[in-house]
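Working notes, beginning with the structure itself.
Here it is as structure tokens:
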């Protein structure tokens, strides 16, 4: 059976085709659920999905009718996606998450082929949420599917933190017995982009992001941010560039340290993650980001493993296949 996995975000949607656990083809488009919010209609999103299914099928040498199962995750399960699926409440095992997948059909997109949607995960039930415990609330759509892939691939023993950098950095806590305990989200990626492109620091960093990791300015950013706070720490990037003549690469690494150091501080304060000294960290992201995390966590003597790029490229798809297998939709030997 040919299986399509589909992950959609705010600005992008991607389709991967699989057969017997082997990737056949992929197709992607810079269209996400934001277009639904802007246009007040899911018409363009559906047109994009139909087109991506056709493109992926053609690249694999099959037809759309040959696709027997579609597993969708991410923002496609939101109120701006194809169908709104409520978040499930942590803690839960991947098997439990799989059991709560929801089936829907969209004849205009894929005929009789069923869509199975992976729900997102939130840290607590709505009825438990109060002003007093709001700091402990968080949620994710899509990262729980990537978490399923990482847990299936690495089979970690003991408490683990999954680090998934992006526009919104996600830190996912996994308990010793393999349950997804919840997550912490930061806007670090968006902040980095805005400071880099749209602030007074743009000239200091030459409107670019670090393409090579430099530990010295990175750790300076971590230290100064912890000492002075994020706002003044950001302006110190300009001061140091003006009076110590930092090159853009040095300023870029400083800014990265400032922001990741702020994440580290928040992570260390959250009871959700327990004793981080006893946890293992699985870190995804581009190479510079992985090196930065390895340096930051190394300062704390935290055990860190970097997820290889080839696995990251298909993480959402492999997680969708894992959950479909746990649900009994496909045979395990097909993975």
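In my numbering, the protein residues as written are 68 to 402.
Even for Gly, the Cβ is constructed at its ideal location relative to N, Cα and C.
Since the model is a prediction, treat every value here as computed from it, not as a measurement.
Neighbourhood of residue i by C-beta, 8 Å cutoff - its chain only, sequence neighbours within 5 removed
i, result
"residue 346", "225, 226, 227, 228, 340, 369 and 370"
"residue 301", "262, 266, 268, 322 and 325"
"residue 142", "75, 76, 77, 99, 100, 148, 208 and 209"
"residue 205", "189, 190, 249, 250, 251 and 252"
"residue 361", "350, 371 and 373"
Rounded C-alpha distance that separates residue i from residue j
i, j, result
"residue 138", "residue 256", "27 Å"
"residue 313", "residue 334", "30 Å"
"residue 110", "residue 103", "8 Å"
"residue 86", "residue 251", "34 Å"
"residue 322", "residue 363", "14 Å"
"residue 327", "residue 149", "34 Å"
"residue 187", "residue 151", "10 Å"
"residue 384", "residue 70", "10 Å"
"residue 308", "residue 357", "25 Å"
"residue 359", "residue 351", "11 Å"
"residue 306", "residue 372", "35 Å"
"residue 400", "residue 258", "Bear in mind that a pLDDT of 49 at residue 400, under 50, signals an unreliable position, so the number given afterwards is only what the model happens to contain. Near 43 Å, if we compare the C-alpha coordinates of residue 258 and residue 400."
"residue 365", "residue 348", "11 Å"
"residue 163", "residue 382", "19 Å"
"residue 304", "residue 231", "26 Å"
"residue 377", "residue 91", "15 Å"
"residue 296", "residue 336", "16 Å"
"residue 94", "residue 127", "10 Å"
"residue 192", "residue 202", "14 Å"
"residue 211", "residue 222", "15 Å"
"residue 311", "residue 290", "17 Å"
Continuous alpha helix (DSSP H) stretch holding residue i: start and end
i, result
"residue 265", "255-265"
"residue 286", "282-295"
"residue 217", "210-221"
"residue 276", "Residue 276 -> no alpha helix (DSSP H), and no H or E assigned at all."
"residue 331", "315-336"
"residue 397", "Run containing residue 397: none; DSSP gives neither H nor E here."
"residue 141", "Where residue 141 is concerned, there is no enclosing alpha helix (DSSP H), although the beta strand (DSSP E) it sits in stretches over 134-141."
"residue 366", "354-366"
"residue 116", "110-127"
"residue 232", "Careful: residue 232 lies outside any alpha helix (DSSP H) and carries neither H nor E."
Cβ neighbour criterion (16 or more within 10 Å) applied to residue i
i, result
"residue 172", "exposed"
"residue 198", "exposed"
"residue 270", "exposed"
"residue 194", "exposed"
"residue 123", "buried"
"residue 107", "exposed"
"residue 292", "buried"
"residue 403", "The structure shown has nothing for residue 403, since the chain only spans 68 to 402."
"residue 344", "exposed"
"residue 146", "exposed"
"residue 177", "buried"
"residue 175", "exposed"
"residue 249", "buried"
"residue 112", "buried"
"residue 182", "buried"
"residue 155", "buried"
Sequence-distant residues of the same chain with beta carbon closer than 6 Å to residue i, five excluded per side
i, result
"residue 391", "138 and 397"
"residue 219", "389"
"residue 394", "165 and 168"
"residue 253", "236 and 330"
"residue 72", "83, 138, 384 and 387"
"residue 130", "124"
"residue 355", "277 and 280"
Neighbourhood of residue i by C-beta distance below 7 Å, restricted to the same chain and skipping five residues each side
i, result
"residue 272", "263, 315, 318, 319 and 322"
"residue 246", "158, 159 and 160"
Proximity test, Cβ basis, 8 Å: residue i and chain B
i, result
"residue 234", "Absent from the structure: chain B. Only one protein chain is present."
Extent of the continuous beta strand (DSSP E) to which residue i belongs
i, result
"residue 237", "236-241"
"residue 166", "Unbroken run through residue 166 is the alpha helix (DSSP H), 161-166; no beta strand (DSSP E)."
"residue 26", "The question about residue 26 has no answer here: the residues shown for the chain are numbered 68 through 402."
"residue 72", "69-75"
* Would the segment 278-290 and the segment 235-242 be scored as touching if the rule is three or more Cβ pairs under 8 Å? -> The way I'd put it, the segment 278-290 doesn't touch the segment 235-242; fewer than three beta-carbon pairs between them come closer than 8 Å.
* To do: Taking 8 Å as the threshold, find out whether the segment 201-219 comes into contact with the segment 286-295 through three or more Cβ pairs.
  => The segment 201-219, when compared against the segment 286-295, does not touch it at the 8 Å Cβ threshold.
* **Given 8 Å, three or more beta-carbon pairs between the segment 117-125 and the segment 80-95** => At 8 Å Cβ cutoff, the stretches touch.
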